[in-house]
Structures are given as structure tokens and as C-alpha cells.
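Numbering (the UniProt record's numbering), first residue to last: 1 to 346.
In this text, a Cβ means the ideal position worked out from N, Cα and C, and glycines have one as well.
If you want it as C-alpha cells, here you go:
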């Protein structure tokens, strides 16, 4: 275990890092400092986030990523937000791992629709060895299409992370979900250190990290600040940071909560941008409920990646055509378009 130290204040932060995570020169973010960002006047926070966003992403492009559930339902975990947990009656049917050909067909459709990253998600606590070979084949074949590859398969052992790297995986997604002090309110079947251990295995294998969380689960603003501090103090911080707005599903323990104020969600995006300036900050679950105006503010706050398609695992997502219309209204270019234009100039 390592401890994060604020050099200016001499404060030791209660943040655990897995030992194999490579140490680099990085600013640490005490929770109090992250909280101070949340408490800024809204316009000041947005301005600060936009300045950093422009400095680090001068093309102002938006990455389109598509997420496919390659194995749905039947999960043994008890994540309070998840309709795929076997113990909750949510109407989600448990299914076997998809056939490789079906996955490749979905990846081809995603590429033709403009996606540059294809994410494969499986409702497992952790993958079994008998499943790894099929997943590795999926990764190799999707990679061969020219797409970036991402997978979220639950907890990984060191050798599993290395196998995925050898197959050509670019990113591994494993979210922290929330702040450590709120975590037990949401999940009991794995602990926070389990998640950090998996991230350590992913980094050791040389994979890029996609790691974020969910807001609107009944946490306080300070606990939202605690989540951002955990992410920003990972060393290095994730290359991709998905910020999910809780999608309440009937039958899950978190159904029926008061919804999070939309401006508080926008603040979370802005704080993520400021504390992790070079990361792709992704608008993930919950976009369907936001409407165009809130999404536009999120882009202004520094979001520059979206999940693109009709489904996010088992919950609805704005349709691809609606996304295209919104991006056009805002004058935002997608990452693939920007890269093609840049390539044509050479």
C-alpha cells in the first residue's frame, strides 16, 4: 500500500494504491481541494474546466465508443444499482457468452456508424479460464477491424490481464463506483481494495485504464468529491473516466431514490476534467434522461467521449441518430472525423 502525500500541505491522504502501479510525477488531490472545486460558483467552475479542456484537447473532438453486453445477467454480485445481479428481480434474463461472429457483426456495425472504440462487457464477478479464450478471440478480431478495444469482465488476476494485453486489448474498464466511505452502502460482495488490485494488475500488464463511477446513488457532494479524489490520485490517473448518472431500475435496491440535480452532475463532469485534465471524460449511463441542454453543458464542462448506440449493457441510451443531430447542433466534431482530416493534410 502507498499513501498519497500533498507536498505543499504535508497531509497524508487515506488512499490505497496497488504496489505495481507505476509511479509518475503527479499532483495529488486532497478531498478538501476537490470539494473546494465543487463549491465554486457554477460559472467559475465551468470556466476553469473549459480552459483546461481547450489546453489539453485543442481539436475539441468527441470520442464515440460503443458498448456491447457479450454476456448478460446472472451475476453473483450484489451491486445495488445493477439489474444484472441474479438476486434481483429486474426482468433481465441470464444469457450465455455471445458467439464470436455475433460480436464481430456488432463491432462492424459500430465502426460503420462512426465509433472508434468498441467495448465488450460481461456480467461476471471475474472471468473463468474457459471463457478467456473466446474473449481473447473477440479482442483480436475486433482489433483487426481497426477499432480500439476495451473490455469489462469483472475482477482480473495478473495472468488474465496479461492474456488480454497479449490478445491486443487497449483498455480495461473497472470502475471504483463511489467513494470508499460510501461503498458499503452499495456493494458487499467485493471490497474497495479488490477493485484497486484489479487496476494494479491492468497497469502491470501495460493496459490503459478506463475507470470512473456512478453518481446519484444517495451519496453526498463530499462523497462525490471523494470519488473524484480517488480517481485523480491513482498514479497515473485513468486515460478514460466514465461518469455515470444512476439509471434507476425497478427491482434493484437503489430504485426510488430522489434523482440527482442535473447541475450537480454537470459539476461532477467539470471537476473530473480539472483534476484529470488529459483524460477522456465520458458521458455514460443516464444520458437518455438528461436532455439536450444538460448534455450540452456537460460538453462545455469538459466531457469529450460518449457511449454511442441504443443500449448500455441493459439500459437504454440515446439513439445514434439523435446523438449525431445533437453533435451537429453544437458544432462538435467526432474523433474519427478529426483524425481523418489531420491525416489527409500529410
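Beta bridge counterpart(s) of residue 242 as assigned by DSSP: 282
8 Å Cβ cutoff met for residue 215 and residue 249: no
Beta-carbon contacts of residue 93 that lie in its chain and below 8 Å, excluding the five residues immediately before and after: 72, 73
Beta-carbon proximity check, residue 303 vs residue 288, cutoff 8 Å: no
Straight-line gap, residue 177 to residue 31 (C-alpha atoms, nearest Å): 16 Å
Rounded straight-line distance, which links the Cα of residue 125 to that of residue 153: 7 Å
Any alpha helix (DSSP H) of 4 or more consecutive residues that is wholly inside the segment 71 to 144: 100 to 112, 129 to 144
Unbroken beta strand (DSSP E) run spanning residue 187, endpoints: Here residue 187 belongs to no beta strand (DSSP E), and DSSP marks it neither H nor E.
Residues sharing a beta bridge with residue 173, DSSP: 210
One or two residues paired with residue 150 in a DSSP bridge: 119, 171
Start-to-end residues for the alpha helix (DSSP H) that takes in residue 265: 262 to 275
Distance between beta carbons of residue 131 and residue 356, contact taken as under 8 Å: Here the chain comprises residues numbered 1 to 346, so residue 356 is not present and cannot be evaluated.
Continuous beta strand (DSSP E) stretch holding residue 307: start and end: 305 to 307
Exposure of residue 116, with buried meaning 16 or more beta-carbon neighbours within 10 Å: buried
Pairwise C-alpha distance: residue 99 and residue 232: 37 Å
Straight-line gap, residue 168 to residue 148 (C-alpha atoms, nearest Å): 9 Å
Local Cβ density within 10 Å of residue 24, reported as buried at 16 or more and exposed below that: The predicted model places residue 24 with a pLDDT of 41, which falls under 50 and marks its position as unreliable; any figure quoted below should be read in that light. So residue 24 counts as exposed.
Three-state secondary structure assigned by DSSP to residue 254: coil
Nearest residue (CA-CA) to residue 238, options 245, 206, 141: 206
Closest Cα partner of residue 155 within the set 170, 273, 76: 76
Residue 102 to residue 333 span [Cα, whole Å]: 30 Å
Three-state secondary structure assigned by DSSP to residue 65: strand
Whether residue 253 touches residue 80 by CB criterion (8 Å): yes
Cβ-Cβ separation, residue 330 to residue 299 (assumed contact under 8 Å), whole Å: 6 Å
Residues near residue 221 in its chain [Cβ-Cβ closer than 6 Å; skip 5 each side]: 38
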